Every structure is written in structure tokens, then in C-alpha cells.
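Residue numbers (the numbering used here): -12 to 140. A short worksheet on the structure shown next.
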């Protein structure tokens, strides 16, 4: 069983959407029993809150139902998960700094590295932008999650 944690800053836009997109792909592939998926944020400001309403609305238009409640990254996550996937370089740097050891630091990878069609080096934070930002994030995450699943098969 592969355990994957998706991480962004607040866990209300990017990482929770990545979790849901990946869950859809895994379910569609009939591989639910092979994965444990979760998401978290680097800050606890939104802890216990649902995903941003704008992200939920854009995701719902594509058939994704984001029910995750925000939570911060925990020390135990570095031991509980096989992959810890950050959305941008800032997330990656903070996660690596938080990692308790070399083995745990090696679990930290970049979401955009799994893209197969999009040419991007990060998943941008759509929080302060408009609708096009949320749509772009979902586009990137659909591509990256498909690439991730392909690599893990």
C-alpha cells in the first residue's frame, strides 16, 4: 500500500484538490485498496476548515467533491507516509527543513515533477487570484496526478 500526503501552504486550495483528483484516478483505476491519500498545510491558520469555496465550486464542475478539512503537517506524517508531495519550491524547502532525518527528507517531492503534458515547475497558489487561477490549478493537478499514478502502477 502506498501512502501519499499532498502539501501546500494552508491546505484549502491546492493540496486538498490534489488529494481529491488522485482519489478519483485511483478509484477509476480500481486501485482504492492500494493507496492511502491525505493532504495537509504548512500553517495551521485554516485548521478544521473546509476547502476554499471557490476551489470547491471549480472542482465540483469537473466532478470532484472536496470534503477534506484543513490540517497542518504533523511530525508523525514523515513516518506515516511514503511520499510527501509539495506544491511549490517554498513548500518543498519548508518540508525538507521539517523532516526529522535524511530518510524522511527523501520522501519530499514536487507535484509538478509528475506532469506529463503541462510544462510547469510548480502548482501556483490561486488564493488571491480569479477563476482562471483555480481552473489552471485543477488542470495542472489532473496532469500531475495522472503522471503520479502512471509512475506508481
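Where a beta carbon is used, it is the ideal one built from N, C-alpha and C, also for glycine. In this text the structure is predicted, and so the values were computed from the model without any measurement.
Out of curiosity, what's the CA-to-CA distance linking residue i and residue j?
i	j	result
residue 56	residue 137	27 Å
residue -11	residue 109	23 Å
residue 27	residue 90	20 Å
residue 85	residue 117	32 Å
residue 95	residue 48	31 Å
residue 111	residue -3	13 Å
residue 184	residue 121	No information on residue 184 is available, as it lies outside the stretch -12 to 140 that the chain covers here.
residue 21	residue 133	15 Å
Does the distance from the C-beta atom of residue i to that of residue j stay below 7 Å?
i	j	result
residue 82	residue 4	no
residue 65	residue -8	no
residue -6	residue 78	yes
Can you give the beta carbon distance from residue i to residue j, rounded, assuming they're within the 8 Å contact cut?
i	j	result
residue 97	residue 73	6 Å
residue 52	residue 125	Incorrect: roughly 13 Å between the Cβ atoms, too far for contact.
When the Cα of residue i is compared with those of the options, which residue comes out closest?
i	options	result
residue 35	42, 45 and 54	54
residue 115	41, 9, 31 and 21	41
residue 30	-1, 130, 75 and 59	59
Going by DSSP, name the residue or residues bridged to residue i.
i	result
residue 56	37
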